[in-house]
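Our numbering numbers the first residue of the sequence shown as 7 and each following residue consecutively.
These notes concern the structure reproduced below.
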Amino acid sequence: MQKRVSELFTQSFGSEPKIITRAPGRIEFIGNHTDYNGGTVLGAAVDCGLWVAVSPRSDGRRRWRSAIGDTVVETGEALTKLEGHSSWINYPQGVIDAMQAHGLEIPGGFDYAVESDLPVGAGLSSSAAIELSSALAFLELTGQEVDREKLVKIGRKAENDFVGVPCGILDQGVSGFGKRDHLVFIDCRGPDFSTVPMPGGAHFWIFNTHTKHALVDGLYEARHTECMAAAADLGVKQLADASLELFRQEMHKLSPTVAKRARHIIEEIDRVGKTITAMEAQDLDAVGRNLTASHRSSQHAFENSTPELDSLVDQLTTMAGVYGARLTGGGFGGAVMALTDARFGAAEADQVAQVYRSRWGADPQVLHMRTGDGAEVIQSNQA
Ligand code: ADP
Ligand code: MG
């Protein structure tokens, strides 16, 4: 990928790039809808991501090129929100906006190219990857360094405020703090970030259904409202403050629906803890049981699964080599992740895809991934 982004840069701008950075995509491993409840979540940075190549220009022009668009787009130093084919430039422009808001020096003119081996919109957070790889490139251009927390904050602010997507801290946190053979643990109350070693030999398989519930925004909002109502009824500030014991004692005060939502969140936070304990014990079978239990809770209690996702989990969990499977991300469509050993390979994934196709008449997108490292500067040879 380093060669590809370098070539795209040279083709587009006629010289070699001075700086190359990369940032990975991520998988939500376990911790479903826990972020806005002040809970905990585990994510994995993957071995696919976005690569950014830049060189400074002295004339204040900014020229942008992505392999997903077909032309070089030019902007000036004033940030302007773009639409249509060029709207991807709002992500790196948002990073510049966020750097400014953090009191950092911002780059003037530059040439910029981006390449990716991460599919867009597969729930793997290509948006966080473009934010973090861009932020590192712009910091390098201006000779500045920031700590990981700030890098992650800049990426999130770019997406929340400039692009206008209200994402939580998982995406940027994992892309920033990711480490090969580790998971990233985030306590959303801080937020605090740390890494947890992953036992060797684990593989991720993603089955993206490309489905999205038509009412997904409204459903998200409804779950958010239900969770806030549950916290109020239980007498806590947020659901992360409610223990399982408190929940059992006080659940009679909640309507049946609100109680189901609260149970999902409170048990899910508990499952995140159990998953870490199981990883420390190198017990991937127990990790997998927690993953599948998370899915079943989504299916029956939080009701953010779909029949398509359920059918994938039903099938995967009967197969040899599969530790566990669950929907990954917000739900109401999207993708299922399976944690497997090496016995589950391309032939087995194909079998899953075939059964899915015969039932639903569409192919899932199948991706095989391992853990990967967090955002980094790959090359920097500024004069
Ligand atoms: P995801 O789940 O992949 O993060 P989002 O909708 O949040 O999906 O973000 C996808 C957006 O990120 C794309 O629409 C595009 O604007 C930007 N993006 C992703 N990959 C690239 C790329 N290779 N080049 C330019 N922009 C990209
Ligand atoms: Mg995204």
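Backbone N, C-alpha and C define an ideal beta-carbon position, used for all residues, glycine too.
A quick note: this is a predicted structure, and the numbers were derived from the prediction, not measured.
- In the three-state DSSP reduction, T217 falls in the strand class (E or B).
- A distance criterion of 8 Å places the beta-carbon of I102 beyond contact range of the ligand ADP, judged by its closest non-hydrogen atom.
- When distances are taken from the beta-carbon of V120 to the heavy atoms of the ligand ADP, the shortest one is below 8 Å.
- A348 counts as exposed, since fewer than 16 other beta carbons sit within 10 angstroms of its beta carbon.
- Here F253 has I272 as same chain residues with Cβ atoms under 6 Å from its own Cβ, once five neighbours each way along the sequence are excluded.
- Relative to the Cα of T346, the nearest Cα in the group A368, H306, M204 and A307 belongs to M204.
- In this structure, the ligand MG has a non-hydrogen atom nearer than 8 Å to the beta-carbon of C173.
- Excluding its 5 nearest sequence neighbours in each direction, A265 has C-beta neighbours in its own chain below 6 Å: M257, listed in chain order.
- Here S300 has I36, N38, E274, R277 and R332 as same chain residues with Cβ atoms under 7 Å from its own Cβ, once five neighbours each way along the sequence are excluded.
- Under the DSSP assignment, Q288 falls outside any beta strand (DSSP E); it carries neither an H nor an E label.
- Taking all protein chains in view, the Cβ of S303 is crowded by 16 or more other Cβ atoms within 10 Å, so the residue is classified as buried.
- For W57, the uninterrupted beta strand (DSSP E) run begins and ends at T46 to R63, by DSSP.
- In this structure, the C-beta of Y226 stays at least 8 Å away from each heavy atom of the ligand ADP.
- For M204, there is no enclosing alpha helix (DSSP H), as DSSP marks it with neither H nor E.
- The set of residues with a C-beta under 5 Å from any non-hydrogen atom of the ligand MG comprises S131 and S133, given in chain order.
- The DSSP-derived three-state label of F183 is helix.
- In the three-state scheme derived from DSSP, where H, G and I count as helix and E and B as strand, H91 is classed as helix.
- The DSSP assignment places complete alpha helix (DSSP H) segments of no fewer than 4 residues inside the region 209-286 at 222-240, 250-256 and 262-286, in order along the chain.
- Looking at the DSSP output, R195 bridges to nothing.
- Boundaries for G330: no alpha helix (DSSP H) harbours it, while the beta strand (DSSP E) harbouring it runs V328 to T334, taken from the DSSP string.
- For the pair of segments examined, the region 172-183 was found not to touch the region 96-107: the number of CB pairs separated by less than 8 Å stays below three.
- Look at the beta carbons and you see the region 11-29 touching the region 46-61: at least three pairs across the two are nearer than 8 Å.
- In the DSSP assignment, G339 falls within the beta strand (DSSP E) that extends over G339 to T346.
- When distances are taken from the beta-carbon of V126 to the heavy atoms of the ligand ADP, the shortest one is below 8 Å.
- Relative to the non-hydrogen atoms of the ligand ADP, the Cβ of I74 comes within a distance shorter than 8 Å of at least one.
- In the DSSP assignment, E137 falls within the alpha helix (DSSP H) that extends over S132 to L147.
- Counting along the chain, E314 sits inside the alpha helix (DSSP H) bounded by residues P313 to L322.
- C-alpha of T40 to C-alpha of K9: approximately 39 Å in a straight line.
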